[in-house]
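Colleague: Residues in the sequence shown are numbered consecutively from 0, following numbering that gives the first Met the number 0. Below is one structure. I have some questions about it.
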Amino acid sequence: MAAQAQTIFINGAWSAAASGASIDVRNPSDGEVFTAIARGAKDEVERAVQAARRALAGAWGSMAGFERGRILARLSQLILDNEEDLAQLEARDTGKPISQARTDIKATARYFEFYAGACDKILGDVLPFLDGFQVTVQREARGVVGLIIPWNYPASMFGRTLGPALATGNTAILKPAEDASMSCIRLTQLAAQAGLPAGVLNLVTGLGEEAGAALSNHPDVDFLSFTGSPEVGTLIQTAAAKNHVPCVLELGGKSPQIVFDDADAELAARTIVGVITQNAGQTCSAGSRVLIQRSIYDRFSALLAEKMAAIRVGAPAADLQCGPVINATQADKVKGFIDRARKDGIKVLAQGGMDASVVKTGYFVPPTLFGPVPTTHELAQDEVFGPVLAAIPFEDEAEAIAIANGTEYGLVAGLWTENGARQMRVAKKLRVGQVFINNYGAGGGIELPFGGVKRSGHGREKGLEALKEYTVAKTIVLRHG
Ligand code: NAI
Ligand code: MG
0 MAAQAQTIFI NGAWSAAASG ASIDVRNPSD GEVFTAIARG AKDEVERAVQ AARRALAGAW
60 GSMAGFERGR ILARLSQLIL DNEEDLAQLE ARDTGKPISQ ARTDIKATAR YFEFYAGACD
120 KILGDVLPFL DGFQVTVQRE ARGVVGLIIP WNYPASMFGR TLGPALATGN TAILKPAEDA
180 SMSCIRLTQL AAQAGLPAGV LNLVTGLGEE AGAALSNHPD VDFLSFTGSP EVGTLIQTAA
240 AKNHVPCVLE LGGKSPQIVF DDADAELAAR TIVGVITQNA GQTCSAGSRV LIQRSIYDRF
300 SALLAEKMAA IRVGAPAADL QCGPVINATQ ADKVKGFIDR ARKDGIKVLA QGGMDASVVK
360 TGYFVPPTLF GPVPTTHELA QDEVFGPVLA AIPFEDEAEA IAIANGTEYG LVAGLWTENG
420 ARQMRVAKKL RVGQVFINNY GAGGGIELPF GGVKRSGHGR EKGLEALKEY TVAKTIVLRH
480 G
């Protein structure tokens with residue numbers, strides 16, 4: 000079965016890789032291989048790009064917006080109809096607790112619902128110009144788009160990228176992560192069932208350095224969307240530069256949670272620990288640094304420690320607060336951060352506990368709170384992508400802002416204070432793409448434009464803002480005299 004995995008979808012047909020090669024798929028909860036995916040590469044990407052190009056010239060290219068909208072709405076409904084199956088698949092493939100997987104699948108349906116409604120509302124402008132002229136600016140599809148997504152939220156990333164891509168009339172080649180392709184395969188089946196014409200969505204499973212590199216370097220791809228590591232983001236942007244095409248990059252962060260002395264401590268502590276342990280900390284917008292005003296540092300870090308100690312780690316079916324991380328490499332990476340911080344003499348304030356469902360062969364790491372962490376330490380600067388939280392004290396507003404902005408990243412920030420003037424003053428000074436005040440929605444909010452600055456990337460996905468990325472403006476100047 001392994002060599003025959005038919006997980007590549009091109010021009011409406013499923014196939015194995017031409018090479019016959021496949022990739023084993025492991026369950027992060029026990030490390031066991033449970034299926035395989037096709038190892039698509041250059042040949043498959045070539046065929047997929049050609050199919051997408053043809054589909055653009057076909058019925059899809061001239062379809063009315065409301066008709067595209069109906070297809071996306073049907074897909075949204077099909078996702079809801081299949082929610083439990085999709086959630087079980089996602090949980091087995093990624094290790095996430097089943098409740099989290101269900102939330103993700105609901106979000107996936109919401110993406111298609113949201114963008115279904117946008118299909119017939121891609122508006123242009125009429126511009127004032129000289130007498131005797133009529134100027135319109137219309138938004139056109141970019142054409143063939145390449146979507147390369149990561150393994151942390153595979154289903155919802157499928158919706159986040161494909162929703163706006165299809166709403167605006169593009170055709171797509173989606174390359175899921177080799178570590179978590181299963182829900183994307185199932186979602187692609189549902190998209191075909193919803194009536195998406197052949198070639199509009201093509202799915203190429205495979206390795207990043209093979210299928211991903213072939214897709215990002217392909218000269219006939221008009222736009223790239225990438226979410227993943229900054230290192231690969233650089234490769235994507237270099238490829239985009241060579242081909243003179245735009246790209247959106249979402250490259251993670253070191254997002255601060257800033258807690259002032261007047262904060263609702265209970266709400267803040269509960270939310271902050273919930274967010275860093277959600278999805279085992281593998282969330283690009285996870286708040287992985289907690290900046291605490293010194294006057295409440297001892298009290299608040301003790302409250303955080305209490306909440307962290309109460310976190311239970313287990314297999315998806317146990318449905319606890321935290322599951323395993325995605326693979327052995329990621330587990331080693333996270334444990335490396337924990338070990339080095341200990342060696343550097345940074346105090347462990349609390350660790351979560353392992354449930355009986357945890358087996359040795361699974362990729363489990365203990366959720367850990369460290370503090371105080373010096374601002375120059377790697378725990379305060381680098382993305383761990385695991386359930387590790389660094390507590391950092393600050394004196395006043397100015398220092399909080401300086402520390403918050405003092406990393407190479409700039410994705411999201413959380414602000415915890417009841418002082419209204421301070422809320423807006425600080426929010427305006429943070430160099431990030433989103434600020435949450437007295438709440439924190441890591442990864443959440445289909446409606447909310449999302450993306451970073453600095454090493455966190457550029458461009459915006461989600462919300463109506465994404466529609467701008469997936470379209471290009473054309474200015475038409477008519478002289479009617
Ligand atoms: P990665 O950046 O290698 O993988 C993300 C996606 O890019 C996958 O689909 C992968 O197949 C693809 N890819 C890999 N190499 C490529 C290449 N040369 N050309 C085109 N596509 C390529 O991330 P990886 O290695 O799985 O994780 C490493 C670290 O990256 C994590 O520890 C974490 O810190 C960060 N990361 C951040 C994510 C985010 O949401 N911002 C998501 C995943 C990882
Ligand atoms: Mg990689």
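Glycine included, every Cβ here is placed at the ideal spot set by N, Cα and C. All values derive from a computational prediction rather than experimental measurement.
#1: Considering only DSSP beta bridges, list what G145 is partnered with.
#2: So who's on the other strand from V32, going by DSSP bridges?
#3: In its own chain, which residues sit with a C-beta less than 8 Å from the C-beta of K95, not counting the 5 before and 5 after it?
#4: How is L431 classed by DSSP in three states: helix, strand or coil?
#5: Of the residues T282, V258 and S182, which one's Cα is nearest the Cα of S300?
#6: Closest to P386 by CA distance: which of E139, Q320, K105 and P163 is it?
#7: Among V203, T360, K461 and Q350, whose alpha-carbon lies nearest the alpha-carbon of A12?
#8: Report, in whole angstroms, the separation of the C-beta atoms of T481 and I337, which I expect to be a contact under 8 Å.
#9: Using DSSP with H/G/I as helix, E/B as strand and the rest coil, what is P229?
#10: For R91 and K253, I'd like the C-alpha separation in whole angstroms.
#11: May I ask whether a heavy atom of the ligand NAI can be found less than 7 Å away from the beta carbon of V247?
#12: Does the stretch 111 to 128 come close enough to the stretch 145 to 162 that 3 or more CB-CB pairs lie under 8 Å?
#13: Within the 8 Å Cβ cut-off, does F225 reach chain B?
#14: Per DSSP, E449 is paired with what?
#15: What whole-angstrom Cβ distance do T276 and G352 have, given they're in contact under 8 Å?
#16: In the DSSP assignment, what residue or residues form a beta bridge with E292?
#17: Any heavy atom of the ligand NAI closer than 7 Å to the beta-carbon of K174?
#18: Since L302 contacts A349 with CB under 8 Å, what's their CB separation in whole angstroms?
#19: If you reduce the DSSP assignment to three classes, tell me which class W150 lands in.
#20: Taking 7 Å as the cut-off, is the C-beta of N332 nearer than that to any heavy atom in the ligand NAI?
#21: Skipping 5 residues on each side, what residues in its chain have a beta carbon closer than 7 Å to that of T360?
#22: Quick one: grab the DSSP three-state call for S356.
#23: Hey, would you say P373 sits closer than 8 Å to P392, going by beta carbons?
#24: Given that a residue counts as buried once 16 or more other Cβ atoms are within 10 Å of its Cβ, and exposed if not, what is F65?
#25: Let me know the secondary structure DSSP gives D124 once reduced to three states.
#26: Answer yes or no: the CB of S215 versus the heavy atoms of the ligand MG, is any distance below 7 Å?
#27: Here's a check: name, in chain order, each residue in its chain whose Cβ is nearer than 6 Å to the Cβ of S98, leaving out the five neighbours to either side.
#28: Looking at the unbroken beta strand (DSSP E) that takes in S14, where does it start and where does it end?
#29: If you follow the alpha helix (DSSP H) that T93 is in, where does it begin and where does it stop?
#30: Is there at least one non-hydrogen atom of the ligand MG closer than 7 Å to the beta-carbon of V383?
#31: Once you ignore the five residues that flank A340 on each side, which residues in its own chain have a CB closer than 6 Å to its CB?
#32: How far does the alpha helix (DSSP H) with I257 in it extend, from its first residue to its last?
#33: For E564, which of helix, strand or coil comes out of DSSP?
#34: Could you pull the start and end residues of the alpha helix (DSSP H) that T470 belongs to?
#35: Tell me the DSSP bridge mates of E201?
#36: Confirm the yes/no value for this check: CB of G211, any heavy atom of the ligand NAI, distance under 7 Å.
Modeller: Inspection of the coordinates gives the following:
#1: DSSP lists I172 and L223 as partners of G145.
#2: Partner(s): R25.
#3: Closer than 8 Å at Cβ, skipping near neighbours: E89, D103, N278, A279, P315 and G322.
#4: Correcting the residue identity first, residue 431 is Val in this sequence and not Leu. Here V431 sits in coil by DSSP.
#5: If you compare the alpha carbons of T282, V258 and S182 with that of S300, the shortest gap goes to V258.
#6: Checked all of E139, Q320, K105 and P163; the closest Cα to P386 is Q320.
#7: Of the listed residues, the one whose Cα sits closest to A12 is V203.
#8: With the chain covering 0 to 480 only, the question about residue 481 has no answer from this structure.
#9: Looking at P229 - three-state DSSP - the assignment turns out to be helix.
#10: It is roughly 28 Å from the alpha-carbon of R91 to the alpha-carbon of K253.
#11: Checking every heavy atom of the ligand NAI against the Cβ of V247, none is found closer than 7 Å.
#12: Result yes; three or more Cβ-Cβ pairs closer than 8 Å.
#13: The structure shown contains no chain B; it holds only a single protein chain.
#14: What sits at residue 449 in the sequence shown is Phe, not Glu. When DSSP reads this structure, F449 sits in a beta bridge with E460.
#15: No, T276 and G352 are not in contact; Cβ-Cβ is about 12 Å, not under 8 Å.
#16: Checking the displayed sequence, the identity of residue 292 turns out to be Gln instead of Glu. Assignment of beta-bridge partners to Q292 by DSSP yields F393.
#17: Indeed, a heavy atom of the ligand NAI lies less than 7 Å from the Cβ.
#18: Taking C-beta atoms under 8 Å as the contact rule, L302 and A349 fail to qualify, at a distance of about 10 Å.
#19: Judged by DSSP in its simplified three-state form, W150 adopts coil rather than helix or strand.
#20: The sequence shown places Lys at residue 332, not Asn. Checking every heavy atom of the ligand NAI against the Cβ of K332, one is found closer than 7 Å.
#21: Around T360: D29 and G30.
#22: S356: coil per DSSP, three-state reduction.
#23: Judged by their CB atoms, P373 and P392 are not nearer to each other than the 8 Å cut-off.
#24: Exposed, because fewer than 16 other Cβ atoms sit within 10 Å of the Cβ of F65.
#25: DSSP places D124 in strand when its eight states are reduced to three.
#26: Answer for S215: no, Cβ out of range of the ligand MG.
#27: The residues are D318.
#28: First-last of the beta strand (DSSP E) with S14: A12 to S14.
#29: Note, T93: alpha helix (DSSP H), E82 to T93.
#30: No.
#31: Within the same chain, and ignoring the five residues on either side of A340 in sequence, the residues whose Cβ sits closer than 6 Å to its Cβ are F369 and L378.
#32: Where I257 is concerned, there is no enclosing alpha helix (DSSP H), although the beta strand (DSSP E) it sits in stretches over S254 to V258.
#33: What the structure shows of the chain is the stretch from 0 to 480, and residue 564 is not part of that stretch, so it cannot be assessed.
#34: For T470, there is no enclosing alpha helix (DSSP H); the residue is part of the beta strand (DSSP E) that begins and ends at T470 to R478.
#35: One detail in the question is off: residue 201 reads as Asn in this sequence, not Glu. DSSP, once it has assigned bridges, lists I172 as partnering N201.
#36: Because some heavy atom of the ligand NAI lies under 7 Å away, the Cβ of G211 counts as near it: yes.
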